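Inspection log for the structure reproduced underneath, given as structure tokens.
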């Protein structure tokens with residue numbers, strides 16, 4: 160895309176009404192726009208990041224047998240009453256509204272209840288199970304305070320999968336698989352080295368659950384981490400008993416601040432019992448369905464990546480989720496430079512390399528570099544009078560200081576080699 | 160996809176709480192699930208249709224220079240008050256709710272207001288215009304009655320584009336282009352021969368607008384149509400004056416019932432004036448931005464396609480938006496049939512033909528055919544003892560009566576030839 164056509168611009172001033180680094184940088188770089196506290200419109204650059212994460216997550220959900228649906232946001236009070244989750248004293252973050260008839264309805268903050276209800280229609284026999292449903296959609300939580308940008312929104316974009324199994328044993332097998340799938344997803348979005356599976360509270364429905372926690376000073380969670388064993392305990396359940404149960408040693412655990420980027424829950428019969436989601440087993444006996452739920456906040460993940468990967472100049476996107484792979488910057492506006500830059504832009508696009516081409520003629524080189532650092536695309540390619548004198552472009556990785564001259568007719572090869580090396584690495588990891 | 164793995168099942172009984180054909184058929188076939196009147200969860204088969212329409216629409220919006228964003232659903236009351244559209248006496252379909260602070264907020268039913276506000280940040284000079292923003296997302300309308308299935312939802316999925324132009328002249332050029340784009344979209348989703356551009360009321364902001372109306376007995380709109388000139392007038396603005404203005408003749412106009420599937424509006428300064436969205440022109444003078452909006456209800460389009468293309472047995476999807484292109488039905492469960500059917504399934508999938516494979520062993524051939532007709536995939540391929548005796552499969556188009564035997568090793572060629580002919584036709588039309 161040509162930057163001259165992008166309608167968003169970067170902003171120098173730090174927005175005064177935002178405390179968090181992620182909101183400040185994302186707003187300044189034109190990735191999001193604040194509508195009110197905790198509510199953001201995702202702008203084109205931000206949407207490119209969101210779609211990349213969404214695609215990574217969707218692929219993993221499909222691979223594990225998930226079937227996607229698109230749920231309604233508006234929620235029928237009567238079924239939530241059955242699962243005892245309508246009362247504001249029990250669930251304190253409902254947004255509620257009314258139909259013209261006066262009938263109260265809610266805005267979904269999770270969907271175990273309606274999907275359990277839905278499954279009654281389709282599950283009657285053991286033949287119909289297991290089923291894994293997932294959704295990728297906007298959700299709503301009436302947060303008392305929303306001051307962490309995309310980390311805790313009143314409106315957010317997430318993926319949730321709900322598992323419906325015949326019994327605890329079948330459930331446990333899937334639950335264990337999901338641990339691996341989640342570990343994979345966080346690797347693929349670039350947070351692998353900083354994200355740890357964490358033993359956490361099970362909430363209303365089971366003794367324990369598993370969170371995926373990313374090390375970050377801006378985090379609101381505290382975990383006790385065994386870095387070597389890649390396992391952690393959330394402060395809320397941290398005890399000598401748990402340490403022992405997990406085979407960990409107190410002296411190996413270090414306290415860390417973290418952001419919760421995903422969680423997986425066993426729900427047991429917590430929803431299938433009140434809503435009577437049952438099936439007949441092979442002996443003709445009526446049994447309750449055993450459930451689990453598995454969430455990842457996609458907008459929260461965007462916020463987390465920004466909190467983890469930034470410097471004083473701006474954001475530093477991991478390649479896998481960057482809005483573009485290459486930021487091509489044209490320095491100088493004479494005919495020759497424009498012609499060569501335009502050709503390079505076309506050639507790289509032709510090779511399916513995602514490229515933002517800063518062809519703006521009313522910006523100085525200095526302004527362009529400052530903006531490029533703020534936006535944080537992984538690879539910057541500069542083309543200027545000086546570089547074309549040597550038939551070269553200047554290349555700089557956003558996360559390194561070094562600049563490097565590369566011959567223009569070697570550039571594709573240079574980028575391809577880099578890519579291939581990356582692919583091989585990824586394959587090995589997976 | 161193997162039908163044995165699809166968690167939804169078809170339902171014989173017509174749902175008693177649905178009056179509309181589209182809701183009845185879509186629910187029975189497992190495309191949607193009703194949460195409450197006018198609120199549906201989109202199930203996997205329905206989501207496949209929705210994504211196809213979404214992709215067609217997105218491609219057209221990108222081609223015309225649209226930049227996609229993903230808007231917030233929650234709406235800030237203060238800016239809607241400025242455009243005089245918060246009061247329930249003026250806009251009677253708001254869903255309103257409250258933050259914990261007691262501050263009232265709304266659920267978006269359209270987004271001219273917040274996007275005009277957003278653009279103030281990014282528009283200052285004539286250089287920044289025109290801009291075409293679009294969104295594809297869920298929207299909310301507090302409809303008094305919601306009894307038409309996907310035709311009029313309380314929650315629905317739509318595309319809207321908002322244009323921001325320097326002046327009326329620049330706006331008009333884009334508006335004219337959009338007429339062509341919309342005509343194209345309705346062709347591509349299979350409604351081309353039944354959809355007509357219609358002169359309609361301009362609402363609050365301009366004298367006239369243009370609707371795209373699809374002929375359908377279930378429609379709630381009435382138009383007066385000149386079939387030859389492919390132009391119509393909505394009853395609400397039908398008058399001798401308009402007939403004359405459009406160069407039509409009363410005797411050529413026939414009254415038709417229709418469904419409005421899209422509309423394009425000139426908004427003029429209706430939003431830019433109250434919100435003060437201005438720019439400086441080449442002479443340094445301050446000018447207001449001239450706006451337009453262009454909507455297509457994607458879920459409504461699904462409902463319309465079902466209303467238009469169905470028979471007593473079920474739905475008949477146009478190829479372009481069908482959940483799958485081929486419904487492969489295995490009749491009989493002996494090893495040989497299963498092996499051949501499985502191989503055919505793999506081969507067709509390998510050729511990127513979207514295929515639903517009815518491999519269920521607990522259903523009779525009769526049941527399978529009835530379900531296939533209800534689901535309405537364009538091409539049915541049956542493989543049975545009888546057909547393999549002749550090394551054939553039996554082929555039937557959902558919209559034709561004729562069945563045809565085709566040699567298995569000619570099948571790919573047969574399907575490909577059909578496809579190529581179709582592509583050529585489409586190119587000509589476009």
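Chains as they are written, first to last, in our numbering: chain A, 160 to 589; chain B, 160 to 589.
Idealized CB from N, CA, C, for every residue including glycine.
Keep in mind that this is a model prediction, so the values were computed, not measured.
Check: To the nearest angstrom, how far is it from the Cα of residue 535/A to the Cα of residue 468/A?
Finding: Rounded to whole angstroms, residue 535/A to residue 468/A spans 9 angstroms at the Cα level.
Notebook entry, point to check: Along chain B, in chain order, which residues have C-beta atoms closer than 9 angstroms to that of residue 464/A?
Noted result: Those within 9 angstroms of residue 464/A in chain B number zero; the least Cβ separation is about 17 angstroms.
Notebook entry, point to check: Helix, strand or coil: how does DSSP classify residue 288/B here?
Noted result: Coil at residue 288/B, not helix or strand.
Margin query: My assumption, with CB atoms under 8 angstroms, is that residue 303/A sits in contact with residue 453/A. Please give the rounded CB distance.
Written below: That belief does not hold up - the Cβ atoms of residue 303/A and residue 453/A are roughly 26 angstroms apart, past 8 angstroms.
Item checked: Backbone CA spacing between residue 369/B and residue 511/A [nearest angstrom] -> Cα to Cα, residue 369/B sits roughly 38 angstroms from residue 511/A.
Notebook entry, point to check: Going by alpha carbons, who is nearest to residue 166/A out of 208/B, 207/B, 293/B?
Noted result: Of 208/B, 207/B, 293/B, the residue nearest in Cα terms is 293/B.
Check: From residue 401/B to residue 276/B, what does the alpha carbon distance come to, in whole angstroms?
Finding: One alpha carbon belongs to residue 401/B, the other to residue 276/B, and they sit about 35 angstroms apart.
Check: Using a beta-carbon distance below 8 angstroms, is residue 330/A in contact with chain B?
Finding: Not an interface residue.
Item checked: Residue burial classification, residue 289/B (beta-carbon count within 10 angstroms, cutoff 16) -> So residue 289/B counts as buried.
Next item on the list: For residue 235/B, go through chain A and note every residue whose CB falls closer than 7 angstroms to its CB, in chain order.
Entry: For a Cβ distance threshold of 7 angstroms, residue set 194, 195 of chain A lies close to residue 235/B, ordered along the chain.
Notebook entry, point to check: Ordered along the chain, which non-local residues of its own chain (more than five positions away) have a Cβ less than 6 angstroms from that of residue 584/B?
Noted result: Because residue 584/B carries a pLDDT of 47, less than 50, the predicted location of this residue cannot be relied on, and no value is offered for it.
Notebook entry, point to check: Taking DSSP as the reference, what is the three-state secondary structure of residue 363/B?
Noted result: Residue state, collapsed to three classes: coil.
Margin query: Given this structure, state the Cα-to-Cα distance separating residue 412/A from residue 352/A, to the nearest angstrom.
Written below: Computed Cα separation, rounded: 17 angstroms.
Checklist line | Endpoints, beta strand (DSSP E) assigned at residue 315/B | finding: That run of the beta strand (DSSP E) goes 314 to 324.
Notebook entry, point to check: How close, in whole Å, do the beta carbons of residue 118/B and residue 462/B come, if the pair is a contact with beta carbons under 8 angstroms?
Noted result: No statement about residue 118/B is possible, as the shown extent of chain B runs from 160 to 589 and does not include it.
Next item on the list: Compare the C-beta of residue 450/B against all C-beta atoms of chain A and say whether one is closer than 8 angstroms.
Entry: No, residue 450/B lies away from the interface with chain A (no Cβ there is under 8 angstroms from its Cβ).
Next item on the list: Give the DSSP-derived three-state secondary structure of residue 355/A in the structure shown.
Entry: The DSSP-derived three-state label of residue 355/A is strand.
Note to self: As an exercise, report each continuous alpha helix (DSSP H) stretch of at least 4 residues that is fully enclosed by the segment 519 to 547 of chain B, in chain order.
What the structure shows: Listed in chain order, the complete alpha helix (DSSP H) runs (minimum 4 residues) inside the segment 519 to 547 of chain B are 524 to 534.
Note to self: Quick check on the DSSP output: the alpha helix (DSSP H) that includes residue 331/A runs from which residue to which?
What the structure shows: Looking at the DSSP string, the run of the alpha helix (DSSP H) that includes residue 331/A is 327 to 347.
Check: What residues in the segment 219 to 234 of chain B bring their beta carbon closer than 7 angstroms to a beta carbon of chain A?
Finding: From the segment 219 to 234 of chain B, only 226, 227, 228, 229, 230, 231, 232, 233 have a Cβ closer than 7 angstroms to chain A.
Check: What are the start and end residues of the beta strand (DSSP E) that includes residue 391/B?
Finding: Boundaries of the beta strand (DSSP E) harbouring residue 391/B: 390 to 393, taken from the DSSP string.
Notebook entry, point to check: If you count every other CB in all the chains shown that lies within 10 Å of the CB of residue 459/B, and 16 or more means buried, which is it?
Noted result: When all chains shown are included, residue 459/B counts as buried.
Item checked: Given 8 angstroms, three or more beta-carbon pairs between the segment 229 to 240 of chain A and the segment 251 to 264 of chain A -> Using a Cβ-Cβ distance cut-off of 8 angstroms, the segment 229 to 240 of chain A and the segment 251 to 264 of chain A are in contact, since at least three pairs of beta carbons, one from each stretch, lie closer than that value.
Margin query: Quick check on the DSSP output: the alpha helix (DSSP H) that includes residue 219/B runs from which residue to which?
Written below: Its alpha helix (DSSP H) spans residues 203 to 222.
Notebook entry, point to check: To the nearest angstrom, how far is it from the Cα of residue 476/B to the Cα of residue 518/A?
Noted result: Going from the Cα of residue 476/B to the Cα of residue 518/A covers about 45 angstroms.
Notebook entry, point to check: Just reading off the beta strand (DSSP E) that residue 420/B is part of, what are its end residues?
Noted result: It spans 413 to 427 - the beta strand (DSSP E) in which residue 420/B sits, taken as one unbroken run.
Notebook entry, point to check: Which residues in the same chain as residue 254/B place their Cβ atom closer than 7 angstroms to its Cβ, once the five residues preceding and following it in sequence are excluded?
Noted result: Counting only Cβ-Cβ distances below 7 angstroms, and skipping sequence neighbours, we find 265, 266, 299, 301.
Note to self: Looking at residue 207/A: is its Cβ nearer than 8 angstroms to the Cβ of residue 295/A?
What the structure shows: Taking 8 angstroms as the Cβ cut-off, residue 207/A and residue 295/A do not qualify as a contacting pair.
Next item on the list: Enumerate, from N- to C-terminal direction, the unbroken beta strand (DSSP E) stretches of 3 or more residues contained entirely within the segment 433 to 488 of chain A.
Entry: Listed in chain order, the beta strand (DSSP E) runs fully inside the segment 433 to 488 of chain A are 437 to 439, 445 to 447, 449 to 456, counting runs of at least 3 residues.
Notebook entry, point to check: Hey, residue 347/B and residue 220/B are a contact pair by Cβ (cut 8 angstroms); roughly how many whole angstroms apart?
Noted result: Not quite, the Cβ-Cβ distance comes to about 13 angstroms (not below 8 angstroms), so this is no contact.
Checklist line | Collapsed DSSP secondary structure at residue 588/B in the structure displayed | finding: Annotation note: pLDDT 42 at residue 588/B (below 50); position unreliable, coordinate value reported separately. Three-state DSSP puts residue 588/B in a helix.
Notebook entry, point to check: Beta-carbon of residue 185/B versus every beta-carbon of chain A: anything under 8 angstroms?
Noted result: Chain A, which has no Cβ nearer than 8 angstroms to the Cβ of residue 185/B, makes this no.
Next item on the list: Confirm, please, whether the CB-CB distance from residue 542/B to residue 508/B is below 8 angstroms.
Entry: No; because the gap between Cβ atoms is not below 8 angstroms, this pair is not in contact.
Item checked: Supposed contact pair residue 335/B and residue 384/B - C-beta distance, whole angstroms, cut 8 angstroms -> At roughly 21 angstroms, the Cβ-Cβ gap does not stay under 8 angstroms, so residue 384/B and residue 335/B are not in contact.
Next item on the list: Under 7 angstroms between beta-carbons, which chain B residues line up against residue 254/A? List them in chain order, please.
Entry: Neighbours of residue 254/A on chain B, chain order: 256.
Margin query: I'd like to know if residue 298/B contacts chain A, where contact means its C-beta is closer than 8 angstroms to some C-beta of that chain.
Written below: Output row for residue 298/B: interface = no.
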